[in-house]
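Undergrad: Using my numbering, the first residue of the sequence shown is number 58, and each one after it goes up by one.
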Amino acid sequence: MGHRKKLRTVIDILKCLTSNIKATLSTKSNTKIRIAVLRATTARNSSSPPSDNRIAAVISFGRGSRLTACAFIEALMDRLHGTKNPSVALKCLFTIHSIIKKGPFILKDQLSFYPSFGGRNFLNMSKFRQDSDPERWELASWVRWYATVIEQNFIVSRILGHYLNSSCSSNNSKDKEDRASALLNKDLLGELDVLVDFVEVICEAPDSLHLQRNNLVYAVIRYAGEDYRIVQREILIRVVELKDRMASLSCNELTQLLGSLKRFEDCKERLRLLFVNRARNDALWELICEAKLKIMEMGKLKSLVKMERTDGSGELTRFRERFGELRQRVRLNSGGGWLGMDRVPALTMSTML
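(1) Among Pro107, Trp194, Glu343, which one has its Cα closest to the Cα of Val277?
(2) Below 8 angstroms, how does it come out for the segment 317-330 and the segment 245-265: are there three or more Cβ pairs, yes or no?
(3) Taking the alpha-carbon of Ile287 as reference, which of Leu168, Leu221, Ile157, Trp199 has the nearest alpha-carbon?
(4) Return the residue from the list Asn102, Val206, Glu347 that minimises the CA-CA distance to Tyr285.
(5) Can you tell me whether Lys141 is helix, strand or coil according to DSSP?
(6) Using C-beta distances below 8 angstroms, list every residue in its chain close to Glu195, excluding the 5 sequence neighbours before and after it, in chain order.
(7) Alpha carbon to alpha carbon, what distance is there between Val213 and Lys165?
(8) Using 9 angstroms as the threshold, is the C-beta distance between Leu314 and Leu306 below it?
(9) Grouping DSSP H, G and I as helix and E and B as strand, with all else coil, what is Pro107?
(10) Ignore the nearest five residues each way along the sequence and tell me which others in Glu261's own chain have a CB closer than 7 angstroms to its CB.
(11) From Ala114, Glu354, Val258, pick the residue whose C-alpha is nearest to that of Lys300; which is it?
(12) Of all the options Arg120, Leu341, Leu217, Asp235, which has the alpha carbon lying nearest to the alpha carbon of Lys159?
(13) Would you kindly report the start and end of the unbroken alpha helix (DSSP H) that includes Pro161?
(14) Verify whether the separation of the beta carbon atoms of Ile259 and Leu331 is less than 9 angstroms.
(15) What do you get for Pro191, buried or exposed, if any count of 16 or more other CB atoms within 10 angstroms of its CB means buried?
(16) Count the other CB atoms within 10 Å of the CB of Val296; is the residue buried (16 or more) or exposed (fewer)?
(17) Does Lys148 pass the burial test, meaning 16 or more other C-beta atoms within 10 Å, or should it be called exposed?
(18) Can you check which of these residues, Phe179, Asn142, Asp188, Ala126, is closest to Gln167 by C-alpha distance?
(19) Secondary structure at Ser223, three-state DSSP: helix, strand or coil?
(20) Closest by CA to Leu137, which one among Ile116, Ser104, Asn181?
(21) Is it buried or exposed for Glu291, if we count other Cβ within 10 angstroms and need 16 for buried?
(22) What's the gap between the Cα of Ala237 and the Cα of Leu95?
(23) Kindly list the residues whose CB is nearer than 8 angstroms to the CB of Asn272, restricted to its own chain and excluding five residues on each side of it in sequence; keep chain order.
(24) Start and end of the alpha helix (DSSP H) containing Ser238?
(25) CB-CB under 7 angstroms to Ile78, same chain, minus the five flanking residues each way: which ones, in chain order?
(26) Using a Cβ-Cβ cut-off of 6 angstroms (strictly less than) and excluding sequence neighbours within five positions of Asn87, which residues of its own chain qualify?
(27) For the candidate residues Asn142, Asp109, Lys141, Ser155, whose alpha-carbon lies nearest to that of Ile130?
(28) Return helix, strand or coil for Ser173, following the three-state DSSP convention.
(29) Using alpha carbons as the reference points, say which of Leu350, Glu310, Trp199 lies closest to Leu249.
(30) Measuring alpha carbon to alpha carbon, tell me which residue in Ile153, Lys141, Ser144, Arg123 is nearest Ile163.
(31) How should Leu350 be labelled, buried or exposed, when 16 other C-beta atoms within 10 angstroms of its C-beta is the threshold for buried?
(32) How is Glu261 classed by DSSP in three states: helix, strand or coil?
(33) Where Cys346 and His219 are concerned, what is the direct C-alpha to C-alpha distance, given to the nearest angstrom?
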């Protein structure tokens, strides 16, 4: 098994060298682009993420024309979809994620609409498999998960109206609070649902967490953790706003909100294991708990009110009518007559008690 693994590593390195030579000898105008992509996603140093210099080199193609940016994204996607090596695929996805986090708008724009104006699974990695050995089999599961995380990042960005990892997302908290306060209830609840969807996708990380000892997998987890911290802030803003609006929410809206909060709370333990308390945010979990309790209390009150209004012949209504009659008439020993309770002096009431 060890000999076969070494042989496969040598073959991957030779393939990588061959691709580099072909790209260098090519006379096409996109030669530099191909070389930059191959260097950032090389099969060599399979357990190491692309270096900062390699990432900076690929990001630089977003400072030119849209045609250049389009050619670069096409080359990167060809590399991703053309490889069967999980380490190379992870490096491609890491490069894509780096562009989302650090790259110029023109590259993000090309990524978000690739290949045909968006799509639920535009990276098309759900069928990626590698069964040649146990380690590659496990790495392939990380490829599938990481691709889904990146896709969900774009979905959330599309719903929120700005890229999740942009400076707009990390800085102007007051502006985001103002934007949330201006949203309709249904839109605010819809955004919260999508954000919780993202958290659930993050929690679907493979169980082989021991692979975090692999520097490439560790870098992937670190990037996902940074996304999660941003999502935490976005969730916090919306839960605070919805908590203030609870009195105006309908029963259906309260039910939807409670469902989102429960789904998010169900992720707590998995998130703790995945990020080892690096993104705890205890204040957010306390807010979630308070909001759930408030919803349940309001739900009980609204249920009682609904019962009173709809069950006109029920026991609750009859009891209410009898109680109303008792309030109006109380028998007093002094005069033998009937007096209204509201007109009984406080002294007389205390004497009766």
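Even for Gly, the Cβ is constructed at its ideal location relative to N, Cα and C.
Given the structure is predicted, the values throughout are model-derived calculations rather than measurements.
TA: With the given structure in hand:
(1) Position 220 of the sequence shown, counted from the first residue, corresponds to residue 277. Checked all of Pro107, Trp194, Glu343; the closest Cα to Val277 is Pro107.
(2) yes
(3) By one-based count along the sequence shown, residue 287 stands at place 230. Nearest C-alpha to Ile287: Leu221.
(4) The residue given as residue 285 occupies position 228 in the sequence shown. For Tyr285, the nearest C-alpha among the options comes from Val206.
(5) Looking up residue 141 in the sequence shown gives position 84. DSSP places Lys141 in coil when its eight states are reduced to three.
(6) Looking up residue 195 in the sequence shown gives position 138. The answer, listed in chain order, is Pro263, Ser265, Leu268.
(7) Indexing the sequence shown from 1 puts residue 165 at position 108. Indexing the sequence shown from 1 puts residue 213 at position 156. When rounded, the distance between both Cα atoms is 14 angstroms.
(8) By one-based count along the sequence shown, residue 314 stands at place 257. By one-based count along the sequence shown, residue 306 stands at place 249. Yes, these two residues count as a Cβ contact at 9 angstroms.
(9) Counting from one through the sequence shown, the residue named residue 107 turns up at place 50. Coil, per DSSP.
(10) Position 204 of the sequence shown, counting from 1, holds the residue named residue 261. Cβ neighbours of Glu261 beyond the five flanking positions: Trp202.
(11) Here the question's residue 300 lines up with position 243 in the sequence shown. The option with the nearest alpha carbon to Lys300 is Glu354.
(12) Here residue 159 refers to the residue found at position 102 when the sequence shown is read from its first residue. Considering only alpha carbons, the answer is Arg120.
(13) Here residue 161 is taken as the residue at index 104 of the sequence shown, counted from 1. Premise fails: Pro161 is in no alpha helix (DSSP H) and is neither H nor E.
(14) Along the sequence shown, one-based indexing puts residue 259 at 202. Along the sequence shown, one-based indexing puts residue 331 at 274. Their beta carbons are under 9 angstroms apart, which means Ile259 touches Leu331 by this criterion.
(15) Numbered from its first residue, the sequence shown carries residue 191 at position 134. The residue in question, Pro191, is exposed, as its Cβ has fewer than 16 Cβ neighbours within 10 Å.
(16) Within the sequence shown, numbered from 1, the residue matching residue 296 stands at position 239. Answer is buried; the Cβ neighbour count reaches 16.
(17) Residue numbering aside, residue 148 sits at position 91 when the sequence shown is read from its first letter. Flag for Lys148 reads buried.
(18) Indexing the sequence shown from 1 puts residue 167 at position 110. The option with the nearest alpha carbon to Gln167 is Ala126.
(19) Against the sequence shown, residue 223 aligns to sequence position 166. Note: Ser223 maps to coil in three-state DSSP.
(20) As a working mapping, residue 137 is identified with position 80 in the sequence shown. Closest option to Leu137, Cα to Cα, is Asn181.
(21) Your numbering for residue 291 matches position 234 in the sequence shown. With 16 or more Cβ atoms within 10 Å of its Cβ, Glu291 is classed as buried.
(22) Walking along the sequence shown from the start, residue 237 turns up at place 180. Walking along the sequence shown from the start, residue 95 turns up at place 38. Computed Cα separation, rounded: 43 angstroms.
(23) Reading the sequence shown from its first residue, position 215 is the one you call residue 272. Cβ within range, chain order: Ser104, Ser105, Pro106.
(24) Sequence index remark: in the sequence shown, residue 238 carries index 181 (1-based). Residues 230-239.
(25) In the sequence shown, counting from the first residue as 1, residue 78 sits at position 21. Only weak support exists for where Ile78 lies, its pLDDT of 45 falling under 50; the value from the coordinates is given anyway. Correct list: empty, nothing qualifies.
(26) In the sequence shown, the residue the question calls residue 87 occupies position 30. Closer than 6 angstroms at the Cβ level, and outside the excluded window around Asn87, lie Ala128.
(27) Residue numbering aside, residue 130 sits at position 73 when the sequence shown is read from its first letter. Nearest C-alpha to Ile130: Ser155.
(28) For this step, residue 173 is matched to residue 116 along the sequence shown. In this predicted model, Ser173 has a pLDDT of only 47, less than 50, meaning its place in the structure is not dependable enough to derive any value.
(29) In the sequence shown, residue 249 corresponds to position 192, counting from 1. The residue with the shortest Cα to Cα distance from Leu249 is Glu310.
(30) Residue 163 sits at position 106 when you count from the first residue of the sequence shown. Per the Cα distances, Arg123.
(31) Your numbering for residue 350 matches position 293 in the sequence shown. Exposed is the call here.
(32) Position 204 of the sequence shown, counted from the start, is the residue given in the question as residue 261. In the structure shown, Glu261 sits in coil (DSSP, three-state: anything other than H, G, I, E or B).
(33) In the sequence shown, counting from the first residue as 1, residue 346 sits at position 289. In the sequence shown, counting from the first residue as 1, residue 219 sits at position 162. Computed Cα separation, rounded: 29 angstroms.
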